[in-house]
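Taking it in order: structure first as structure tokens, then the write-up.
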Amino acid sequence: MKIKWYGTAGVSFETESSAIIFDPYIPCRGSETPSAEEEFLRFKDIIITHGHFDHVSTLPKTVKKSGAKVWCTKTPYVNLSCMGIPDENLRKFAPGDVMEFGDIKVTPFRSLHVKYDKKLLRSVVFSFRVIRYFGNLVKLAAESLDCTMGDEIVGFLIEAEGKRIYLMGSLGWLDDVDYPKDVDLLVLPYQGTSDLLTPAMQFIEMTKPKAIFLDHFDNTFPPLSSHIDTSDIEKALEGKLPLTVPVFNETYSF
Numbered sequence: 027m028k029i030k031w032y033g034t035a036g037v038s039f040e041t042e043s044s045a046i047i048f049d050p051y052i053p054c055r056g057s058e059t060p061s062a063e064e065e066f067l068r069f070k071d072i073i074i075t076h077g078h079f080d081h082v083s084t085l086p087k088t089v090k091k092s093g094a095k096v097w098c099t100k101t102p103y104v105n106l107s108c109m110g111i112p113d114e115n116l117r118k119f120a121p122g123d124v125m126e127f128g129d130i131k132v133t134p135f136r137s138l139h140v141k142y143d144k145k146l147l148r149s150v151v152f153s154f155r156v157i158r159y160f161g162n163l164v165k166l167a168a169e170s171l172d173c174t175m176g177d178e179i180v181g182f183l184i185e186a187e188g189k190r191i192y193l194m195g196s197l198g199w200l201d202d203v204d205y206p207k208d209v210d211l212l213v214l215p216y217q218g219t220s221d222l223l224t225p226a227m228q229f230i231e232m233t234k235p236k237a238i239f240l241d242h243f244d245n246t247f248p249p250l251s252s253h254i255d256t257s258d259i260e261k262a263l264e265g266k267l268p269l270t271v272p273v274f275n276e277t278y279s280f
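Take the position in the sequence shown, starting the count at 1, then add 26; the result is the number in my numbering.
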């Protein structure tokens, strides 16, 4: 299986006969991650973890060019329809459904968004980057009004070629959900709170994956995002679990 990261939460999985992508997003001005817009167009199935702007706001542009089907829960389905994606390009699922894309099987699990904290919010509000990227801020604020999600956060168990991968939609979870254990790979988003290592290690200890693949650690939509120093989790996992901090658009064989 091949895995590729396209910035923020955009991750694709490919076998010899099938390909899917999660949360493709075209970055804002000033992003450290180049745009993967043209790369997105080859995917015919797009799966959404939740309806925040950095997961769905650029989908209408992508779908208009590619004709892809977008798979999402109820609230993003309604929002994306209102944003102009035709109904024939939208597919709705619920946690527990099993979706098959050729030889790739995908099962969604109810989850929870990471909790923003005051320290993180202060670092954004009182940063000079608010002035530098004020145009982005106005654009992102407008997009956020279209991109409500309610409590519909999902993660996904991805099964293909004898491998089991769990992709988190955000760095949060629900205590009443039995998440997949001992998966071959955990795709872990590393942004959204000032203390990322604590929840990351808690989920890792709870589910005991065999390897970790980070995403969402880059500065894709300044001033609301920032580049995350991943050295803390690299040090915490050193000698314990293999950790991949991917490079944009590089293919990883798994």
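Each residue gets a CB set at the ideal place from its N, CA and C atoms; glycine is no exception.
How many whole angstroms separate the CB atoms of residue i and residue j, which I take to be in contact at a CB cut-off of 8 Å?
i: residue 191; j: residue 226; result: At roughly 17 Å, the Cβ-Cβ gap does not stay under 8 Å, so residue 191 and residue 226 are not in contact.
i: residue 97; j: residue 71; result: 7 Å
i: residue 347; j: residue 52; result: With the chain running from 27 to 280 in the structure shown, residue 347 is simply not present.
i: residue 247; j: residue 216; result: Going by Cβ atoms, the distance from residue 247 to residue 216 rounds to 15 Å, so no, they are not a contact pair.
i: residue 67; j: residue 91; result: 5 Å
i: residue 77; j: residue 178; result: 7 Å
Rank the options by C-alpha distance to the C-alpha of residue i and give the top, closest one.
i: residue 61; options: 245, 267, 263 and 265; result: 245
i: residue 50; options: 133, 83 and 109; result: 83
i: residue 140; options: 255, 180, 106 and 36; result: 180
i: residue 104; options: 119, 184 and 269; result: 119
i: residue 232; options: 215, 209 and 247; result: 209
i: residue 121; options: 79, 161, 75 and 257; result: 75
i: residue 79; options: 277, 203, 169 and 218; result: 169
i: residue 274; options: 58, 46, 197 and 47; result: 58
i: residue 27; options: 46, 33 and 93; result: 46
i: residue 203; options: 107, 196, 138 and 73; result: 138
i: residue 125; options: 218, 145, 153 and 95; result: 95
i: residue 166; options: 235, 234, 249 and 132; result: 249
i: residue 193; options: 127, 235 and 261; result: 235
From the DSSP secondary-structure annotation, give me the bridge partner or partners of residue i.
i: residue 211; result: 191
i: residue 96; result: 72 and 116
i: residue 278; result: 29
i: residue 259; result: Answer by DSSP bridge pairing: none, since residue 259 is not bridged.
Determine the direct distance from the alpha carbon of residue j to that of residue i, and round the result to whole angstroms.
i: residue 29; j: residue 187; result: 13 Å
i: residue 134; j: residue 229; result: 17 Å
i: residue 238; j: residue 221; result: 18 Å
i: residue 207; j: residue 160; result: 43 Å
i: residue 271; j: residue 211; result: 13 Å
i: residue 182; j: residue 56; result: 30 Å
i: residue 113; j: residue 99; result: 14 Å
i: residue 89; j: residue 201; result: 35 Å
i: residue 142; j: residue 149; result: 12 Å
i: residue 286; j: residue 42; result: A question about residue 286 goes unanswered here, because the residues of the chain that appear run from 27 up to 280.
i: residue 93; j: residue 73; result: 14 Å
i: residue 267; j: residue 213; result: 13 Å
i: residue 152; j: residue 197; result: 24 Å
i: residue 251; j: residue 189; result: 32 Å
So is residue i buried or exposed if we call it buried at 16+ other beta carbons inside 10 Å?
i: residue 241; result: buried
i: residue 37; result: buried
i: residue 171; result: exposed
i: residue 164; result: exposed
i: residue 253; result: exposed
i: residue 223; result: exposed
i: residue 54; result: buried
i: residue 265; result: exposed
So does residue i have its beta carbon nearer than 7 Å to some heavy atom of the ligand SAM?
i: residue 194; result: Among the ligands in the structure shown, none appear at all, so the ligand SAM cannot be discussed.
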